[in-house]
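For the sequence shown, UniProt numbering assigns the number 1 to the initial residue and increments by one for each residue that follows. From the three backbone atoms N, C-alpha and C, an ideal C-beta is built for every residue, glycine too.
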Amino acid sequence: MEMETITWGDFAKVELRVGKVVSARPFSEARKPAYVLQVDFGPELGIRKSSAQITHRYTLEDLVGKLVVAVVNFPKKQIGPIQSECLITGFHNQEGHVVLCVPDREVPLGTKLL
Numbered sequence: 001m002e003m004e005t006i007t008w009g010d011f012a013k014v015e016l017r018v019g020k021v022v023s024a025r026p027f028s029e030a031r032k033p034a035y036v037l038q039v040d041f042g043p044e045l046g047i048r049k050s051s052a053q054i055t056h057r058y059t060l061e062d063l064v065g066k067l068v069v070a071v072v073n074f075p076k077k078q079i080g081p082i083q084s085e086c087l088i089t090g091f092h093n094q095e096g097h098v099v100l101c102v103p104d105r106e107v108p109l110g111t112k113l114l
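Shown next, in the form of structure tokens:
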């Protein structure tokens, strides 16, 4: 499969930022099992809401306090009764379950991926 190339300018438009999950609850209205997360991106961006289909690998207790990487400059997206304000990033493992993309050390909330 041939990979499409992008310019540095294309990549620079994507705002990938570090946030900390401050609350997590089951998203009972979702078609597939998911959580509703509130993620703090620091004083510049504040707290944003997201839906994440990560119930196979993470419990609610696992998530609160966890650093995550999210795209914060997509338009808001209505997902059932909630409006998602960011996209939490992750990778599918061999079973097809999402494993979160996370920094391996503490960094200030809102830090942009370079």
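Around the Cβ of G19, are there at least 16 other Cβ atoms within 10 angstroms (buried) or fewer (exposed)? Under this definition G19 is a buried residue.
Considering just the uninterrupted stretch of the beta strand (DSSP E) at G19, what are its terminal residues? L16 to P26
Residue interval of the beta strand (DSSP E) (run including F91): G90 to H92
Would you identify the three-state DSSP class for A52, choosing helix, strand or coil? A52 falls in the strand class under three-state DSSP.
For the alpha helix (DSSP H) containing L60, name the first residue and the last one. L60 to L63
Just to confirm the assignment, what range does the alpha helix (DSSP H) spanning D40 have? For D40, there is no enclosing alpha helix (DSSP H); the enclosing beta strand (DSSP E) covers residues Y35 to D40.
Please name the residue or residues paired with P100 in a DSSP beta bridge. Reading the sequence as shown, one finds Leu at residue 100 and not Pro. L100 is bridged to G90.
When you compare each of Y58, S51 and R17 to R31 by their alpha carbons, which one comes out closest? S51
Specify whether the region 9-17 and the region 53-61 touch according to this definition: at least 3 beta carbon pairs, one from each stretch, less than 8 angstroms apart. Not touching, per the Cβ criterion.
If we ignore side chains and look at the alpha-carbon of each, how far apart do N73 and L63 end up? 22 angstroms
Give me the residue from Q53, P108, G80 and G9 with the minimum Cα distance to T89. Q53
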